[in-house]
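Structure, as structure tokens:
Numbering (the working numbering), first residue to last: 62 to 117.
Right, dumping it as structure tokens:
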């Protein structure tokens with residue numbers, strides 16, 4: 062949602078329990094959505110960007 066209560070973009074959220082969620086963001090708006098999500102979180106919340114990690 063945006064600040065006016067409208068839709069900003071679509072995404073999928075997986076609740077992994079133990080204070081962990083996985084957020085899958087629409088690739089079209091990846092950078093702007095990631096920046097917006099980070100701006101809405103408390104500073105002590107860690108965000109790990111898995112798209113920059115290599116699979117083994």
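Virtual Cβ for every residue (Gly too), placed ideally from N, Cα, C.
Here the structure is a predicted model, which is why all the values come from computation and not from measurement.
When rounded, the separation of the alpha-carbon atoms in residue 95 and residue 79 is 22 Å.
Residues 62, 63, 94, 97 of the same chain have their beta carbon placed closer than 8 Å to that of residue 69, with the five preceding and five following residues left out of the count. In terms of Cβ geometry, residue 102 and residue 86 do not form a close pair [threshold 9 Å]. Within the same chain, 74, 75, 76 come within 7 Å of residue 82 by CB-CB distance, once the 5 residues on both sides are set aside. Pairing residue 90 with residue 106, the inter-Cα distance amounts to about 22 Å.
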